[in-house]
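To start, the structure itself, in structure tokens.
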Ligand code: SF4
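Numbering (my numbering), first residue to last: 133 to 408.
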């Protein structure tokens with residue numbers, strides 16, 4: 133099996149039902165155990181054979197997609213060279229200083245030079261880079277209205293919604309169900325704002341991955357035989373400020389980031405148990 137780059141990648145492959153048939157308390161814990169070499173992937177009985185086989189075949193290595201993504205990012209960075217960054221700063225809610233355009237990405241500075249070179253004081257997550265560059269290149273810069281829409285209500289969102297639901301909403305729900313500090317982390321680590329619960333949810337938090345593209349995460353706790361649920365909402369201007377592919381990337385990227393946080397938490401618990 134090619135060595136996965138992180139436990140997240142393994143988690144993405146799993147059924148995410150937390151059925152415990154592998155002997156772990158949750159899929160997150162199993163993903164962590166596989167990544168650290170304690171368990172083979174084949175010990176999840178819910179995994180399709182072809183997924184296990186794919187990991188034994190380098191020609192089908194899913195990390196090939198990363199090369200395509202890198203090519204796409206290079207293409208976007210080259211386009212930055214052809215635009216007026218000062219005007220783009222005004223349009224996008226950023227600031228222009230020392231020849232660079234800087235935007236706040238979840239409370240942290242994220243800059244680009246006229247040559248398309250990125251700099252930031254945070255780790256550069258690849259999933260944020262394409263939306264960041266697309267927002268600068270093509271965003272209309274409309275102010276959010278406070279009118280929240282689901283992903284499927286955005287332009288071209290309907291056909292992509294099943295994938296968005298799986299990669300963003302379902303995955304975030306998994307994390308929220310098992311990692312109770314998730315919403316506190318959103319506020320304290322990612323500069324989110326807790327707002328009055330919307331749509332009769334129990335918790336509503338607004339993240340600001342780009343200045344004019346707020347994302348609201350609403351979570352409903354389980355009650356009386358009803359499962360918990362989680363939905364993600366966007367301002368009705370989101371599809372004018374950003375293309376639907378980038379909006380998808382932000383949602384799925386956030387879900388990945390939160391899963392990593394929970395996994396880190398899970399590793400700590402596993403290690404302390406081990407020492408007991
Ligand atoms: S990893 Fe597989 S067996 Fe384990 S809890 Fe998740 S779905 Fe169930």
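We put the beta carbon where it would ideally sit given N, CA and C, even for glycine.
It should be emphasised that the depicted structure is a prediction, and the values quoted were computed from it without experimental measurement.
Nearest C-alpha to residue 320 among 282, 393, 345: 393. The criterion of a C-beta distance shorter than 7 Å is satisfied by residue 381 and residue 259.
Close CB contacts of residue 325 within its chain, under the 6 Å cut and outside five residues either way in sequence, are with 338 (chain order). Here the distance from the Cβ of residue 152 to the nearest heavy atom of the ligand SF4 is below 6 Å. For residue 340, the enclosing beta strand (DSSP E) starts and ends at 335-342. Between residue 298 and residue 362, the C-beta spacing is not below 7 Å.
Residue 142: member of the alpha helix (DSSP H) spanning 139-145, first to last residue. The ligand SF4 never approaches residue 305 closely enough for any of its heavy atoms to be under 6 Å from the residue's Cβ.
The beta carbon of residue 273 sits closer than 7 Å to those of 223, 224, 225, 344, 373, all from its chain and outside the five residues before and after it, given in chain order. Set against 6 Å, the gap from the CB of residue 167 to the closest heavy atom of the ligand SF4 is not smaller.
Relative to the ligand SF4, the nearest heavy atom lies less than 6 Å away from the CB of residue 176. Distances from the CB of residue 146 to the heavy atoms of the ligand SF4 include at least one below 6 Å.
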